[in-house]
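Undergrad: Questions regarding the structure given below will be posed in turn.
Residue numbers (the working numbering), protein chains in the order written: chain Y, 1468 to 1579; chain W, 10 to 123.
Here it is, written out as structure tokens:
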């Protein structure tokens, strides 16, 4: 069935780059997403990539998609304390793009 | 442009009661989806509405229901509340129901059942 997996924790030093990895199973996914959730808040859409793209860059964010390996990554350049949050990888279901399958989230913590 | 608005932000209910949550989508968005977030199960899809019709449904019991109005606003209802229904309920809207519309989420309604 559809499944999205990501590591639970990542700790990086302020100013370094953060790389959060994700694997998914549904090869028919149309969109792959990265959402950010801060404490007490909902999900903020950070970026998304269409399945026929390899890379997307948006300011400090770079998304890489390896469709053959079903691997998605999010790189945050020059990580700041405000980047501390839980990051969710998600894929659109092959049956409906409005039904999103989420990973369990990666908690990113920043060291001074 | 205002984002997705969910009311109320917090709710405390007693087991056996029912509850109604409200969601106003981004202006111009016609699709509304609902998700449940719990520490144990993570984010799970409840259902999706488009043009007042339910388009998709997740694996939740019939106690969970929803509807959408002609102005695209949506409500979600949970009847006969159980302790396990305590969760953050997130609403998301998109322009259309389909493959070209990413979901934008609200801040959620945190429901506590005692």
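Built from N, CA and C at the ideal position, the CB exists for glycine as well.
Please read all numbers here as calculations on a predicted model, not as lab measurements.
(1) Answer with yes or no whether the minimum CB distance from residue 1476 (chain Y) to chain W is below 8 Å.
(2) What are the residues that DSSP puts in a beta bridge with residue 20 (chain W)?
(3) Helix or strand or just coil, what does DSSP make of residue 89 (chain W)?
(4) Let me know the secondary structure DSSP gives residue 75 (chain W) once reduced to three states.
(5) Per the DSSP calculation, residue 1558 (chain Y) is bridged to which residue(s)?
(6) Who are the neighbours of residue 1566 (chain Y) on chain W, taking C-beta pairs under 8 Å?
(7) Are residue 1542 (chain Y) and residue 1480 (chain Y) closer than 8 Å when you measure CB to CB?
(8) Identify every residue that forms a DSSP beta bridge with residue 1523 (chain Y).
(9) Find out if the Cβ-Cβ distance for the pair residue 1472 (chain Y), residue 1497 (chain Y) is shorter than 8 Å.
(10) For chain W, check one thing: does any of its Cβ atoms lie closer than 8 Å to the Cβ of residue 1551 (chain Y)?
(11) Taking the beta strand (DSSP E) that residue 82 (chain W) belongs to, which residues open and close that run?
(12) Name the chain W residues that come within less than 8 Å of residue 1512 (chain Y), Cβ to Cβ?
(13) Run the CB neighbour count on residue 23 (chain W), radius 10 Å, all protein chains shown included, and call it buried at 16 or more, exposed below.
(14) Give a yes or no on whether the C-beta atoms belonging to residue 14 (chain W) and residue 115 (chain W) are separated by under 8 Å.
(15) Return the residue from the list W:27, W:88, W:41, W:32 that minimises the CA-CA distance to residue 65 (chain W).
(16) Does the distance from the CB of residue 118 (chain W) to the CB of residue 30 (chain W) come in under 8 Å?
(17) By Cβ distance below 7 Å, which residues in the same chain neighbour residue 96 (chain W) in space, the five residues on each side in sequence not counted?
(18) Using a Cβ-Cβ cutoff of less than 8 Å, which residues in the same chain neighbour residue 51 (chain W) once the five nearest sequence positions on both sides are dropped?
(19) With distances taken between CB atoms, is the gap from residue 78 (chain W) to residue 87 (chain W) smaller than 8 Å?
(20) Measure the C-alpha to C-alpha separation of residue 19 (chain W) and residue 99 (chain W) and round it to an integer number of angstroms.
TA: A quick look at the data gives this:
(1) As a working note, residue 1476 (chain Y) is residue 9 in the first chain. Judged by the 8 Å Cβ criterion, residue 1476 (chain Y) is not in contact with chain W.
(2) For the purposes of this step, residue 20 (chain W) is identified with residue 11 of the second chain, where counting begins at 1. The partner list for residue 20 (chain W) (beta bridge, DSSP) reads W:120.
(3) As a first step, residue 89 (chain W) is located in the second chain; it is residue number 80 there, counting from the start. It is coil, neither helix nor strand.
(4) Residue numbering aside, residue 75 (chain W) sits at position 66 when the second chain is read from its first letter. DSSP places residue 75 (chain W) in strand when its eight states are reduced to three.
(5) By 1-based counting over the first chain, the position of residue 1558 (chain Y) is 91. Note: residue 1558 (chain Y) sits in a beta bridge opposite Y:1499, Y:1568.
(6) One-based indexing of the first chain puts residue 1566 (chain Y) at position 99. The answer, in chain order, is 42, 54, 57, 65, 67.
(7) Mapped onto the first chain, residue 1542 (chain Y) falls at position 75. Mapped onto the first chain, residue 1480 (chain Y) falls at position 13. Their beta carbons are not under 8 Å apart, which means residue 1542 (chain Y) does not touch residue 1480 (chain Y) by this criterion.
(8) Sequence index remark: in the first chain, residue 1523 (chain Y) carries index 56 (1-based). Bridge partners of residue 1523 (chain Y): Y:1530.
(9) In the first chain, counting from the first residue as 1, residue 1472 (chain Y) sits at position 5. In the first chain, counting from the first residue as 1, residue 1497 (chain Y) sits at position 30. No; because the gap between Cβ atoms is not below 8 Å, this pair is not in contact.
(10) On the first chain, position 84 is the one that residue 1551 (chain Y) refers to. Residue 1551 (chain Y) does not count as touching chain W.
(11) Locating residue 82 (chain W) in the second chain gives position 73, where the first residue counts as 1. Note, residue 82 (chain W): premise wrong, no beta strand (DSSP E); not H, not E.
(12) Here residue 1512 (chain Y) refers to the residue found at position 45 of the first chain. Within 8 Å Cβ-Cβ: 111, 112, 113, 114.
(13) Numbered from 1 along the second chain, position 14 holds the residue referred to as residue 23 (chain W). The residue in question, residue 23 (chain W), is exposed, as its Cβ has fewer than 16 Cβ neighbours within 10 Å.
(14) Residue mapping note: residue 14 (chain W) aligns to position 5 of the second chain, counting from 1. Residue mapping note: residue 115 (chain W) aligns to position 106 of the second chain, counting from 1. Yes, they are a contact pair.
(15) For the purposes of this step, residue 65 (chain W) is taken as residue 56 along the second chain, with counting starting at 1. Cα-wise, what sits closest to residue 65 (chain W) is W:41.
(16) Taking the second chain and counting its residues from 1, the one referred to as residue 118 (chain W) is at position 109. Taking the second chain and counting its residues from 1, the one referred to as residue 30 (chain W) is at position 21. Yes; because the gap between Cβ atoms is below 8 Å, this pair is in contact.
(17) Taking the second chain and counting its residues from 1, the one referred to as residue 96 (chain W) is at position 87. Contacts found: 45, 46, 47, 120.
(18) Within the second chain, numbered from 1, the residue matching residue 51 (chain W) stands at position 42. If we look at residue 51 (chain W) and ignore the five residues flanking it on each side, it has no Cβ neighbours.
(19) In the second chain, counting from the first residue as 1, residue 78 (chain W) sits at position 69. In the second chain, counting from the first residue as 1, residue 87 (chain W) sits at position 78. Contact: no.
(20) Within the second chain, residue 19 (chain W) is the residue found at index 10, counting from 1. Within the second chain, residue 99 (chain W) is the residue found at index 90, counting from 1. C-alpha separation (whole angstroms): 12 Å.
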